[in-house]
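In my numbering, the protein residues as written are 42 to 393.
Glycine included, C-beta positions come from ideal geometry on N, C-alpha and C.
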DNA sequence: TCTGGGGTCCTGTTGCGA
DNA sequence: TCTGTCGCAACAGGACCC
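Have a look at this one:
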């Protein structure tokens, strides 16, 4: 059997350990409520006020003026996460971490509920963290099940009961159905996972065209052949971006931000011993539309100046096509390779 | 009350060489 | 030599995830 383990309000839980004075109070880990910050995690006390992840911090404060804001500290969360997963690896034969606070594992032989309880207990006793587990024959059902009794719950879906377990839940609870798909499906009268599972080919292609639709219908039927992979996945891309408190139109200032972010990317590539062949610059305009411009080189690069030069020229290209103030700029690298830089790009490889 | 940051994957279009 | 077309890589955008 497969289990999906999900830590409950993880960032907030770590902050409560660092500062026990926050216990019992509404706490939000997130961005600046006076700027453009959003909520990353809300403690369960804060959730009572209707505060949720991805809500703007300003809205969170409006709902609960006494809420305490804490800035996220991802480095510390990564450390806690690494310790927690090391502990789980001692107890389960195969573990696949898929985020900082969640992952799949193959349960040891024995009664699935008892095995899940042992892991939950170990995480509580040794890490002082609360987690929820869902247990099923496949990933998608285990994931939905882990959400069924949060926080601190365990939900076991017996073999053969997958489709029945999913059937009555809202379509949006199926992983892969986001806000856009939900609107289309519900407008067409497909409000539950069960209704999605029963769609015929014609209706499915109409509502969710392409491979996505076929995949989602299978998942809705409780069918998910993806194995639990014990191999840690290597990064495909690395990026840095920043939303400004006030929109910026000054080109030199934007270049400055891109160069600073490029230094961060170069440092990150260096740590991993990797180089990148593609650089992508991202711009978000005040109306929230996004433009990306990318360029690939014949050879991998890993130094801040080369990444920064390319990022700035790509920004200029985007701004020539649509000038004006921008809300966010970002730079990313992809086409990652273990090999180090051998040569600087030729002059004629730089974009116009 | 305006909407973060760091990612992955999929899709449609375009340009190019065989 | 011209044209078509096939396949591929690059590019851009979009949906989704935590």
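Runs of the beta strand (DSSP E) lying entirely within the segment 237 to 281 and spanning at least 3 residues: none are present. When secondary structure is reduced to three states using DSSP, residue 78 falls in the coil class, being assigned neither helix nor strand.
A check of alpha carbon separations from residue 178 across 269, 283, 354, 234 identifies 269 as the nearest. In the structure shown, residue 348 falls within a helical segment according to DSSP collapsed to helix, strand and coil. Per DSSP, the beta bridge partners of residue 71 are 80. Pairing residue 46 with residue 143, the inter-Cα distance amounts to about 5 angstroms. Residue 74 counts as buried, since no fewer than 16 other beta carbons sit within 10 angstroms of its beta carbon.
Burial is judged here by how many other beta carbons sit within 10 angstroms of a residue's own beta carbon; residue 92 has at least 16 and is buried.
The DSSP-derived three-state label of residue 330 is coil. Annotation for residue 313: the continuous alpha helix (DSSP H) segment containing it runs 292 to 313.
For residue 117, the enclosing alpha helix (DSSP H) has its first and last residue at 115 to 132. The three-state reading of DSSP puts residue 196 in strand, counting E and B together. As a beta-bridge residue in DSSP terms, residue 342 pairs with 317. The bridge partners DSSP lists for residue 144 are 46, 138.
In the assembly as shown, residue 246 is an exposed residue. Its beta-carbon has fewer than 16 other beta-carbons within 10 Å.
In this structure residue 333 is exposed. Its beta-carbon is surrounded by fewer than 16 other beta-carbon atoms within 10 angstroms. In this structure, residue 373 sits near residue 278, with a CB-CB distance shorter than 8 angstroms. DSSP places residue 164 inside the alpha helix (DSSP H), whose first and last residues are 153 to 168. Contact between the segment 231 to 244 and the segment 199 to 212 is established, with three or more Cβ pairs separated by less than 8 angstroms.
Our two residues, residue 148 and residue 329, have alpha carbons roughly 44 angstroms apart in a direct line.
In the DSSP assignment, residue 336 is bridged to 320. Of the candidates 331, 146, 60, 358, the residue whose Cα lies closest to the Cα of residue 184 is 146.
Taking all protein chains shown into account, residue 98 has 16 or more neighbouring C-beta atoms within 10 Å of its C-beta and is therefore buried. Looking from the CA of residue 50, the closest CA among 69, 243, 150 belongs to 69. The way I'd put it, the segment 339 to 347 doesn't touch the segment 258 to 275; fewer than three beta-carbon pairs between them come closer than 8 angstroms.
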